[in-house]
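Participant:
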């Protein structure tokens with residue numbers, strides 16, 4: 041009984057992870073294009089107004105969704121760190 | 041022209057982030073239940089066989105989706121760290 045309940049929860053987690061991976065792949069496709077775009081038009085790699093907007097928005101959405109807003113902000117920073125790594129690689133390759 | 045293209049990409053990123061936040065909220069609801077379940081049946085908080093399965097699966101799915109498998113593994117570790125923090129809080133509260 042204990043294990044059956046656990047298996048069911050884990051199957052849901054696995055489904056959600058599959059969806060998360062697909063969305064992240066799509067998100068990095070978009071940020072990769074942003075990187076190319078910024079390199080092409082010589083725009084600065086970071087944009088603090090945009091980041092402030094994203095943090096505020098994700099925190100608000102998280103509260104509504106029942107997710108810890110501090111975690112959402114950590115998650116965004118985790119993604120941005122990876123995006124900057126990609127943008128630096130684009131800049132180096134050009 | 042440069043800015044219009046950027047705005048369109050950012051609108052897509054914002055849509056994807058909204059979906060990611062909703063899925064993460066759902067994922068933590070499931071892992072919260074796993075934590076309660078493990079506490080109730082005195083199961084160990086970590087399960088290395090389960091984690092190894094998740095890493096292998098997410099890496100495979102990432103390759104297929106065009107996402108860096110190393111990033112996918114970092115992402116899973118980022119989530120697991122947060123889940124363990126939640127489980128410890130559940131264990132303390134019981």
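Residue numbers (this note's numbering), protein chains in the order written: chain A, 41 to 134; chain B, 41 to 134.
Note that beta-carbon positions come from the ideal geometry of N, C-alpha and C, so glycine has one too.
1. Any idea what DSSP makes of residue 47 of chain A, helix, strand or coil?
2. Out of A:55, A:70, A:66 and A:65, point me to the one whose CA is closest to residue 63 of chain B's CA.
3. Return the residue from the list A:100, A:112, A:68 and A:93 that minimises the CA-CA distance to residue 125 of chain A.
4. Leaving out the 5 sequence neighbours to the left and right, which residues in its chain are closer than 7 Å to residue 95 of chain A when beta-carbon positions are compared?
5. Using a Cβ-Cβ cutoff of less than 7 Å, which residues in the same chain neighbour residue 72 of chain A once the five nearest sequence positions on both sides are dropped?
6. Find out if the Cβ-Cβ distance for the pair residue 104 of chain A, residue 111 of chain B is shorter than 8 Å.
7. Determine the burial state of residue 66 of chain A: buried for a count of at least 16 other Cβ atoms within 10 Å of its Cβ, exposed for fewer.
8. Is the Cβ of residue 120 of chain B closer than 8 Å to any Cβ of chain A?
9. For a quick check, are the C-beta atoms of residue 101 of chain A and residue 61 of chain B less than 8 Å apart?
10. Which residues, in chain order, does the region 45-64 of chain B contribute to contact with chain A at a C-beta distance below 8 Å?
11. Going by C-alpha distance, which of B:82, B:93, B:78 and B:50 is nearest residue 89 of chain A?
12. What are the uninterrupted segments assigned as alpha helix (DSSP H) that are 4 or more residues long and contained completely in the region 57-120 of chain A, given in chain order?
13. Rounded C-beta distance between residue 45 of chain A and residue 130 of chain A? I'm assuming under 8 Å.
14. For the candidate residues A:109, A:57, A:107 and A:128, whose alpha-carbon lies nearest to that of residue 86 of chain A?
15. Can residue 124 of chain B be considered in contact with the ligand ZN, in the sense that its beta carbon sits closer than 7 Å to one or more heavy atoms?
16. Check whether the Cβ of residue 102 of chain A lies closer than 8 Å to any Cβ atom in chain B.
17. Taking C-beta to C-beta, are residue 98 of chain A and residue 57 of chain B nearer than 8 Å?
18. Cutting at 7 Å between CB atoms, please list the residues of its own chain near residue 80 of chain A, excluding the five before and the five after it.
Facilitator: With the structure as the only source:
1. helix
2. A:55
3. A:68
4. 113 and 116
5. 126
6. no
7. buried
8. no
9. yes
10. 45, 46, 49, 50, 52, 53, 54, 56, 57, 58, 59, 60, 61, 62, 63 and 64
11. B:50
12. 88-105
13. Wrong, their Cβ atoms sit about 46 Å apart, outside the cutoff.
14. A:128
15. Although the ligand ZN was asked about, the structure shown includes no ligands whatsoever.
16. yes
17. yes
18. none
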